[in-house]
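Student: 267 is the number that the working numbering gives to position 85 of the sequence shown; each next residue is one higher, with no gaps. Got a structure here, written out as C-alpha cells. Questions coming.
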Amino acid sequence: MSIALQNTELSEKELRQIVIDFISNFGMLTSEEIEALADLIQVKQFKKGTFLYKEGENWDNCYCILKGALREFVLVDGVEKTIHFFFEYESAVKFTCHQYKNLADSSLICLEDSIVIVGNYDPVQEAEIYKKFPNLQEITRMATEQDFGKMQDFLSSFMTSTPTQRYEDLITTRPDILQRVPLHQIASYIGVTPESLSRIRKKIVSK
Numbered sequence: 183m184s185i186a187l188q189n190t191e192l193s194e195k196e197l198r199q200i201v202i203d204f205i206s207n208f209g210m211l212t213s214e215e216i217e218a219l220a221d222l223i224q225v226k227q228f229k230k231g232t233f234l235y236k237e238g239e240n241w242d243n244c245y246c247i248l249k250g251a252l253r254e255f256v257l258v259d260g261v262e263k264t265i266h267f268f269f270e271y272e273s274a275v276k277f278t279c280h281q282y283k284n285l286a287d288s289s290l291i292c293l294e295d296s297i298v299i300v301g302n303y304d305p306v307q308e309a310e311i312y313k314k315f316p317n318l319q320e321i322t323r324m325a326t327e328q329d330f331g332k333m334q335d336f337l338s339s340f341m342t343s344t345p346t347q348r349y350e351d352l353i354t355t356r357p358d359i360l361q362r363v364p365l366h367q368i369a370s371y372i373g374v375t376p377e378s379l380s381r382i383r384k385k386i387v388s389k
C-alpha cells in the first residue's frame with residue numbers, strides 16, 4: 183500500500199487517527215483499548231534522507247512504518263549494500279541489539295517522507311503494557327512471526343536464485359519496490375551493479 187504524504191507535517195489529531203486505523207487492522211482489541219493504546223504510542227514524522235540510526239551507533243529503538251518507506255544498508259569498502267526495504271505496516275527491529283545492547287551493525291534511512299511508530303525496548307514497561315492489554319501480546323507475537331517468516335523466505339530465495347531470478351521475483355511479488363525505489367538501490371538489493379541490472383532489464387524486455 184502506497185500513501186503519498188503532503189509536504190506539510192500532519193497535526194497531532196491526524197497522526198493519532200492514522201495510529202488508530204493501524205491498530206484497528208489487527209482486531210482483537212476493543213475500541214476503548216485502541217483509544218488507550220493510541221495515547222501511549224509515540225509517532226514521529228521524518229523527512230526523506232533522515233537517518234533513524236547509523237552503523238556503529240548505540241541503538242535501542244524499534245520502528246513500525248505507518249506511511250513512507252525505509253532502507254536498511256551496510257557499508258562495504260565504502261559502498262552501500264542494501265539489506266532490506268520496509269514499507270507501510272512493516273516493522274524494522276533488531277532483536278540482538280535490544281537483547282544484548284549491541285551497536286547497530288547497519289544503517290536505517292528514510293527513502294521517503296515517513297510517519298513511523300517509535301518504540302524503545304524497555305522490558306519493564308513492555309510487561310506493564312501487556313498486563314494492561316493482554317491481547318496486544320498475541321498481536322505482537324503474530325506480527326513478529328510474520329516478519330520472521332518473510333525474512334526467512336527472502337533469505338532462502340536469495341541464496342538459491344540468480345540475480346535475474348531475483349529481479350523477476352520482484353516484478354511478480356513486489357512491484358511496489360520497483361515503483362518506489364531507485365534502480366541503483368534495487369541493484370544493490372539483488373546483489374549486482376547498476377550496469378548489470380540494466381543488462382538484466384534489457385534481457386527481460388527482449389523476451
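By construction, the Cβ of each residue, glycine as well, lies at the ideal position given by its N, Cα and C atoms.
I'd like to know whether the C-beta atoms of A286 and Y235 end up nearer to each other than 7 Å.
Tutor: For A286 and Y235, yes; Cβs fall inside 7 Å.
Student: In three-state DSSP terms, what is N317?
Tutor: In the structure shown, N317 sits in a helix (DSSP, three-state: H, G or I).
Student: Is the beta carbon of I368 closer than 7 Å to that of T346?
Tutor: It is not a contact, given that the beta carbons lie outside the stated cut-off.
Student: Buried or exposed: where does S206 fall if 16 or more other Cβ atoms within 10 Å of its Cβ makes it buried?
Tutor: Result: exposed.
Student: Taking the straight line between their C-alpha atoms, what separation do you get for I372 and Y303?
Tutor: Going by the C-alpha atoms only, they are around 31 Å apart.
Student: Verify whether the separation of the beta carbon atoms of K230 and D295 is less than 7 Å.
Tutor: Going by C-beta atoms, K230 is nearer than 7 Å to D295.
Student: Which stretch, first to last residue, makes up the beta strand (DSSP E) that contains Q227?
Tutor: Element bounds for Q227: V225 to F228.
Student: Please confirm whether I291 and R253 have their CB atoms less than 7 Å apart.
Tutor: Yes; because the gap between Cβ atoms is below 7 Å, this pair is in contact.
Student: Whole angstroms is fine: what's the gap from M341's alpha carbon to D335's?
Tutor: When rounded, the distance between both Cα atoms is 10 Å.
Student: At what residues does the beta strand (DSSP E) containing E194 begin and finish?
Tutor: Per DSSP, E194 belongs to no beta strand (DSSP E); it is in the alpha helix (DSSP H), E194 to S206.
Student: What is the DSSP secondary structure of S289, reduced to helix, strand or coil?
Tutor: Strand.
Student: What separation, rounded to the nearest whole angstrom, lies between the Cα atoms of S338 and F330?
Tutor: When rounded, the distance between both Cα atoms is 12 Å.
Student: DSSP state of S173, grouped into three classes?
Tutor: Nothing about residue 173 can be read from this structure; the chain reaches only from 183 to 389.
Student: Got a sec, what are the start and stop residues for the beta strand (DSSP E) R356 sits in?
Tutor: Element bounds for R356: n/a, residue is neither H nor E.
Student: Compute the Euclidean distance between the alpha carbons of P364 and F255, then round it to the nearest angstrom.
Tutor: Near 14 Å, if we compare the C-alpha coordinates of F255 and P364.
Student: Please report the residue range of the beta strand (DSSP E) in which Y245 lies.
Tutor: It spans N243 to K249 - the beta strand (DSSP E) in which Y245 sits, taken as one unbroken run.
Student: Please state if the CB of F268 and the CB of I299 are separated by a distance shorter than 7 Å.
Tutor: For I299 and F268, no; Cβs fall outside 7 Å.
Student: Taking buried to mean at least 16 other C-beta atoms within 10 Å of its own C-beta, is K263 buried or exposed?
Tutor: Exposed is the call here.
Student: State the Cα-Cα distance for the pair S378 and K314, rounded to the nearest angstrom.
Tutor: When rounded, the distance between both Cα atoms is 53 Å.
Student: Would you kindly work out how many angstroms separate the C-alpha atoms of V258 and H266, rounded to a whole number?
Tutor: Between V258 and H266, the C-alpha separation is close to 15 Å.
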